[in-house]
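K.L.:
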């Protein structure tokens with residue numbers, strides 16, 4: 011069974027208690043589901059914290075309960091791979107303005123990390139569907 015990870019929009023759905031939060035929690039806890047936490051996603055989530063206390067609460071809820079070995083951060087080689095992927099996309103004619111946006115560049119990094127580690131990304135972010143052609147990572151829609 012492949013490893014799975016939530017993208018930022020999945021965590022936001024959980025935080026807001028949106029209509030799909032229960033389905034996401036159920037899928038996360040389903041038998042046979044092996045979850046990991048992508049630290050670049052956690053960094054993106056932290057950017058939305060309005061206060062220091064809110065940022066701490068995010069870490070306490072989503073990072074600290076997860077074993078260190080299931081908290082995935084990129085190696086130096088994986089960071090270089092992200093840069094090479096962005097450069098290849100630029101050479102292939104991908105929109106340079108989009109590639110220059112830090113938020114898009116981070117999506118490329120998340121995609122490359124997922125591919126390198128064999129992680130299926132649960133997301134509704136259309137960027138990841140488009141990135142599949144360039145990165146080859148596996149994407150599934152957030153549980154509904």
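In the numbering used here, the protein residues as written are 11 to 154. C-beta: ideal position from N, C-alpha, C; glycine also.
Which two residues bound the contiguous beta strand (DSSP E) that contains residue 13?
P.N.:
13-16
K.L.:
Taking the alpha-carbon positions, what's the residue 58 to residue 42 distance?
P.N.:
Approximately 31 Å, taken between the alpha carbons.
K.L.:
Can you look up residue 130 in the DSSP assignment and give me helix, strand or coil?
P.N.:
In the structure shown, residue 130 sits in a strand (DSSP, three-state: E or B).
K.L.:
Report the residue from 121, 29 and 23 whose alpha carbon sits nearest the alpha carbon of residue 83.
P.N.:
121
K.L.:
From residue 117 to residue 60, what does the alpha carbon distance come to, in whole angstroms?
P.N.:
22 Å
K.L.:
Might you give, ordered along the chain, the residues of its own chain that have their beta carbon closer than 8 Å to the beta carbon of residue 23, omitting 5 neighbours on each side?
P.N.:
30, 31, 34 and 152
K.L.:
Give me the residue from 107, 18, 92 and 127 with the minimum Cα distance to residue 133.
P.N.:
For the residues 107, 18, 92 and 127, the minimum Cα distance to residue 133 belongs to 18.
K.L.:
Could you name the residues that DSSP lists as bridge partners for residue 82?
P.N.:
48
K.L.:
Pull up the CB-CB distance for residue 155 and residue 128, whole angstroms please, since I reckon it's below 8 Å.
P.N.:
A question about residue 155 goes unanswered here, because the residues of the chain that appear run from 11 up to 154.
K.L.:
According to DSSP, which residues form a beta bridge with residue 150?
P.N.:
132
K.L.:
Less than 6 Å between C-beta atoms, sequence neighbours within five positions excluded: which residues of the same chain meet that for residue 52?
P.N.:
In its chain, beyond the 5 residues on either side, 73 have a beta carbon closer than 6 Å to the beta carbon of residue 52.
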